[in-house]
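Notes for the one structure printed next.
Number of protein chains: 2
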Amino acid sequence: MLKDKPVIAPHECVDCPIRHRAVCARCDVNELEELEAIKYYRSYEAGQTVIWSGDRMDFVGTVVSGIGTLTQTMEDGRTQMVGLLLPSDFVGRPGRDGSAYDVVATTDLVMCCFRKRPFEQMMERTPHLSQRLLEMTLDELDAAREWMLVLGRKTAREKIASLLSIVARRDASLKLGVPDGPLVFDLPLTREAMADYLGLTLETVSRQISALKRDGVIHLEGKRHVTIPDFTRLMEEAGDDSDGGMLV
Amino acid sequence: MLKDKPVIAPHECVDCPIRHRAVCARCDVNELEELEAIKYYRSYEAGQTVIWSGDRMDFVGTVVSGIGTLTQTMEDGRTQMVGLLLPSDFVGRPGRDGSAYDVVATTDLVMCCFRKRPFEQMMERTPHLSQRLLEMTLDELDAAREWMLVLGRKTAREKIASLLSIVARRDASLKLGVPDGPLVFDLPLTREAMADYLGLTLETVSRQISALKRDGVIHLEGKRHVTIPDFTRLMEEAGDDSDGGMLV
DNA sequence: CGAGAGCCTTGATGCAGATCAAACGCGCGA
DNA sequence: TCGCGCGTTTGATCTGCATCAAGGCTCTCG
Numbered sequence: 001m002l003k004d005k006p007v008i009a010p011h012e013c014v015d016c017p018i019r020h021r022a023v024c025a026r027c028d029v030n031e032l033e034e035l036e037a038i039k040y041y042r043s044y045e046a047g048q049t050v051i052w053s054g055d056r057m058d059f060v061g062t063v064v065s066g067i068g069t070l071t072q073t074m075e076d077g078r079t080q081m082v083g084l085l086l087p088s089d090f091v092g093r094p095g096r097d098g099s100a101y102d103v104v105a106t107t108d109l110v111m112c113c114f115r116k117r118p119f120e121q122m123m124e125r126t127p128h129l130s131q132r133l134l135e136m137t138l139d140e141l142d143a144a145r146e147w148m149l150v151l152g153r154k155t156a157r158e159k160i161a162s163l164l165s166i167v168a169r170r171d172a173s174l175k176l177g178v179p180d181g182p183l184v185f186d187l188p189l190t191r192e193a194m195a196d197y198l199g200l201t202l203e204t205v206s207r208q209i210s211a212l213k214r215d216g217v218i219h220l221e222g223k224r225h226v227t228i229p230d231f232t233r234l235m236e237e238a239g240d241d242s243d244g245g246m247l248v
Numbered sequence: 001m002l003k004d005k006p007v008i009a010p011h012e013c014v015d016c017p018i019r020h021r022a023v024c025a026r027c028d029v030n031e032l033e034e035l036e037a038i039k040y041y042r043s044y045e046a047g048q049t050v051i052w053s054g055d056r057m058d059f060v061g062t063v064v065s066g067i068g069t070l071t072q073t074m075e076d077g078r079t080q081m082v083g084l085l086l087p088s089d090f091v092g093r094p095g096r097d098g099s100a101y102d103v104v105a106t107t108d109l110v111m112c113c114f115r116k117r118p119f120e121q122m123m124e125r126t127p128h129l130s131q132r133l134l135e136m137t138l139d140e141l142d143a144a145r146e147w148m149l150v151l152g153r154k155t156a157r158e159k160i161a162s163l164l165s166i167v168a169r170r171d172a173s174l175k176l177g178v179p180d181g182p183l184v185f186d187l188p189l190t191r192e193a194m195a196d197y198l199g200l201t202l203e204t205v206s207r208q209i210s211a212l213k214r215d216g217v218i219h220l221e222g223k224r225h226v227t228i229p230d231f232t233r234l235m236e237e238a239g240d241d242s243d244g245g246m247l248v
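Heads up: the sequence lines are chains A and B, in that order. Residues in the first sequence are numbered consecutively from 1, following the working numbering. Residues in the second sequence are numbered consecutively from 1, following the working numbering.
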């Protein structure tokens, strides 16, 4: 299918909606040009709500920079974060009209958007587009279900370790580096946001982070800058058996 | 696309892999015949494991009868159910080799299977197949994320009410009836299975069911036969705002 | 430089649900 | 028919996390 056409290298294809973690070998030039025609950028300030649950969504897109969250809220104010949006993550529900959750910009956020209707029309003509989206959605489903285990069965300490290991992994894969030594990254969430992700209170989050620091599992400079001297140790703390690798 | 072809009524299409809750207007005869060629049935006994997490899966399929669960287990034995498989539910991960979770038959289970490789080849030729699968996967993702709210933020009583309302809804939609009066159905899960779904212990499940019974929210005959006199009341107990309807 | 606002940490106390333990009820096979 | 086993119920106690409360750190703005 790519025969006779120049292949676009991943880094030339930052905005591609079916890019996933910087892998996008399947794009060909025609599609990119077609996508270009329906593409635009939007930016949001920290704290701004990108879409309210139930609102009509007229675009799909990918996060270019910044951090966003998908959250659900009960009338009495209890909230649960159901997804974390990091650069390269896809946002949107092709074939669906409204959003199912609030999408909130946690930091300043830039999105590369594609008008939804023409995008869906492209999907009908381009089987590998919907297949790729299916794969991405299956990945999200796996992640959501893995998180169900975290929420349902893990202790507070294990929850924190699980979150740290996920963020560390995502951060490392974005840097495209295979870090041999300690992992270093900035935690993009407040204690409250972490609590909402983990089904805890912010006080418990704070206490458990202090405990992990005290026990040498992590080091902290300031409140955000994390270094993980031994990733295997962190995985053990998270209660994960397989090393999970840095592969994904 | 359906022009000039006889449309298959839902009830004639019980095994269709892209059937979803008995709606399958998009099938046309050619595809059904092609599917027929790669179709076979399998049955499993209660308690039998259909697929182990990580195992190679060489089919996709739909549940024809019986109840199954998707579960994840930690080395120390803690388990979390991440999905419930009721008749008409799709099982499988087109484009993926292995299963991400254990699939367990909770009751005797009959599946209508399709060989995976030819099915995937069909997907490449048939855009609406992968689009339909994408829609179904988005539905599963929504359900998983809704369950994250249940696991992370609801009390034990709310969790039980949430589970009952989901099973009641699914049961009603399978019967194709729009029940005006009280809902009556059989609970297809043991207390332990419910506990694994809800992130609780079986003792807590038992106590909360007793409490809901005592408060008149539900009635029980034996341990399994449930009647719900007032569905709205149950929804309130579940902490759900919108009535949610019987629509899905 | 000081005041205030956010965000975070830490301490004291309370409670929902886990854990440990015992007994019930029902179906089934001898 | 009895006795056994499995799933369930119920009680007593324990504990991890929530809740309530008080400061601390750091950045910004006057």
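Positions of the beta carbon are idealized from the N, C-alpha and C atoms, including for glycine.
Margin query: Just to make sure I have the definition right: I need the residues of chain B whose C-beta is within less than 7 Å of the C-beta of Ala144(A). Which are they?
Written below: Leu141, Ala144, Arg145, Met148, listed in chain order.
Notebook entry, point to check: If Glu45(B) and Ala105(B) are in contact, beta carbons under 8 Å, what's the gap, nearest whole angstrom?
Noted result: A Cβ-Cβ separation of about 7 Å places Glu45(B) in contact with Ala105(B) under the 8 Å criterion.
Note to self: Let's test the definition: count the other Cβ atoms within 10 Å of the Cβ of Asp168(A) and tell me whether it reaches 16, buried, or not, exposed.
What the structure shows: What sits at residue 168(A) in the sequence shown is Ala, not Asp. Buried, because 16 or more other Cβ atoms sit within 10 Å of the Cβ of Ala168(A).
Item checked: Burial state of Gly47(A) (16 or more Cβ within 10 Å) -> Within a 10 Å sphere around the beta-carbon of Gly47(A) sit fewer than 16 other beta-carbons, which makes this residue exposed.
Next item on the list: Would you mind working out which of Gly98(B), Gly77(B), Asp171(B) sits nearest Leu149(A), comparing C-alpha positions?
Entry: Of Gly98(B), Gly77(B), Asp171(B), the residue nearest in Cα terms is Gly77(B).
Notebook entry, point to check: By how many angstroms is the C-alpha of Val50(A) removed from the C-alpha of Met57(A)?
Noted result: In a straight line, the C-alpha of Met57(A) is about 10 Å away from that of Val50(A).
Check: Straight-line CA distance for Glu146(A) to Ala143(B)?
Finding: Going from the Cα of Glu146(A) to the Cα of Ala143(B) covers about 14 Å.
Next item on the list: Select from Arg93(A), Met235(A), Ile218(A) the residue whose C-alpha is nearest the C-alpha of Leu133(A).
Entry: The residue among Arg93(A), Met235(A), Ile218(A) with its C-alpha nearest the C-alpha of Leu133(A) is Arg93(A).
Check: Taking C-beta to C-beta, are Leu212(B) and Val205(B) nearer than 8 Å?
Finding: No, these two residues do not count as a Cβ contact at 8 Å.
Notebook entry, point to check: Does any residue of chain A bring its CB to less than 8 Å from the CB of Ala100(B)?
Noted result: For Ala100(B), the answer is yes, since a Cβ of chain A falls inside 8 Å of its Cβ.
Notebook entry, point to check: If we ignore side chains and look at the alpha-carbon of each, how far apart do Lys39(B) and Val63(B) end up?
Noted result: The C-alpha of Val63(B) is placed about 13 Å away from the C-alpha of Lys39(B).
Next item on the list: Using a Cβ-Cβ cut-off of 8 Å, state whether Leu220(A) counts as contacting chain B.
Entry: False, the Cβ-Cβ gap to chain B never drops below 8 Å.
Next item on the list: Have a look at Val91(A) and Pro188(A) and give me their C-alpha separation to the nearest angstrom.
Entry: Using only the alpha carbons, I get a separation of about 19 Å.
Note to self: Could you compute how far the alpha carbon of Ile228(B) sits from the alpha carbon of Glu158(B)?
What the structure shows: For Ile228(B) and Glu158(B), the distance between alpha carbons rounds to 15 Å.
Next item on the list: Jot down the residue ranges of each uninterrupted alpha helix (DSSP H) in the region 211-241 of chain B, minimum 4 residues, whole runs only, in chain order.
Entry: As far as the region 211-241 of chain B is concerned, its whole alpha helix (DSSP H) runs of at least 4 residues are 231-237.
Check: Relative to the C-alpha of Arg191(A), which residue among Glu237(A), Met122(A), Thr201(A), Phe185(A) is closest?
Finding: Nearest C-alpha to Arg191(A): Thr201(A).
Note to self: Between the alpha carbons of Met136(B) and Leu220(A), how many angstroms are there, rounded?
What the structure shows: Distance between the alpha carbons of Met136(B) and Leu220(A) is about 43 Å.
Note to self: Output needed for Ala156(B): all residues of its chain with C-beta closer than 7 Å, excluding positions within five of it in sequence on either side, in chain order.
What the structure shows: Taken in chain order, the residues that qualify are Leu200, Thr204, Gln208.
Margin query: Which complete beta strand (DSSP E) runs does the region 94-137 of chain A hold, if anything under 3 residues is left out?
Written below: Listed in chain order, the beta strand (DSSP E) runs fully inside the region 94-137 of chain A are 102-105, 109-115, counting runs of at least 3 residues.
Checklist line | Residues that Arg78(A) contacts on chain B, provided the C-beta gap is smaller than 7 Å | finding: The contacting residues are Arg153.
Item checked: Proximity to Ala100(A) [Cα-Cα], best of Thr107(B), Ala238(B), Asp108(B), Leu141(B) -> Closest by C-alpha distance to Ala100(A), out of Thr107(B), Ala238(B), Asp108(B), Leu141(B), is Leu141(B).
Checklist line | Within chain A, the residues that Leu202(B) reaches when beta carbons sit closer than 7 Å | finding: Listed along chain A, no residue sits closer than 7 Å to Leu202(B) by beta-carbon distance, the nearest being about 14 Å off.
Note to self: Just to confirm before moving on: does the CB-CB distance between Ser173(A) and Val110(A) stay below 8 Å?
What the structure shows: Not in contact: Ser173(A) and Val110(A) (Cβ atoms no closer than 8 Å).
Next item on the list: Measuring only between beta-carbons, confirm whether Val29(B) sits less than 8 Å from chain A.
Entry: Annotation note: pLDDT 49 at Val29(B) (below 50); position unreliable, coordinate value reported separately. Against chain A, the CB of Val29(B) has no partner CB under 8 Å away; the residue lies outside that interface.
Note to self: Quick check: Arg152(B) and Leu85(A), are their CB atoms within less than 8 Å of each other?
What the structure shows: Going by the sequence as given, residue 152(B) is Gly instead of Arg. No, the Cβ-Cβ distance between Gly152(B) and Leu85(A) is not below 8 Å.
Checklist line | DSSP bridge partner residues for Ile51(B) (one or two, in chain order) | finding: Answer by DSSP bridge pairing, in chain order: Val103(B).
Notebook entry, point to check: How about Gly239(B) and Met81(A): are their beta carbons less than 8 Å apart?
Noted result: Their beta carbons are not under 8 Å apart, which means Gly239(B) does not touch Met81(A) by this criterion.
Next item on the list: Taking only runs that begin and end inside the region 140-187 of chain B, name each unbroken alpha helix (DSSP H) of 4 or more residues, in chain order.
Entry: Along the length of the region 140-187 of chain B, whole alpha helix (DSSP H) runs at least 4 residues long occupy 156-174, reported in chain order.
Checklist line | Sheet register partners of Met81(A) (DSSP bridge) | finding: Residue pairing by DSSP places Met81(A) opposite Thr71(A) in a beta bridge.
Notebook entry, point to check: Which class does Ser88(A) belong to by DSSP, given the choice of helix, strand or coil?
Noted result: If DSSP states are grouped into helix, strand and coil, Ser88(A) belongs with coil.
Checklist line | Rounded separation between Glu236(B) and Gly95(B) - CA only | finding: Going by the C-alpha atoms only, they are around 40 Å apart.
Next item on the list: Compare the C-beta of Pro285(B) against all C-beta atoms of chain A and say whether one is closer than 8 Å.
Entry: Nothing about residue 285(B) can be reported from this structure: the residues present for chain B run from 1 to 248 only.
Checklist line | Buried versus exposed, by CB contacts within 10 Å (16 or more), Arg117(A) | finding: Under this definition Arg117(A) is an exposed residue.
Notebook entry, point to check: For chain B, is any of its Cβ atoms less than 8 Å away from the one on Glu124(A)?
Noted result: Yes, Glu124(A) lies at the interface with chain B (some Cβ there is under 8 Å from its Cβ).
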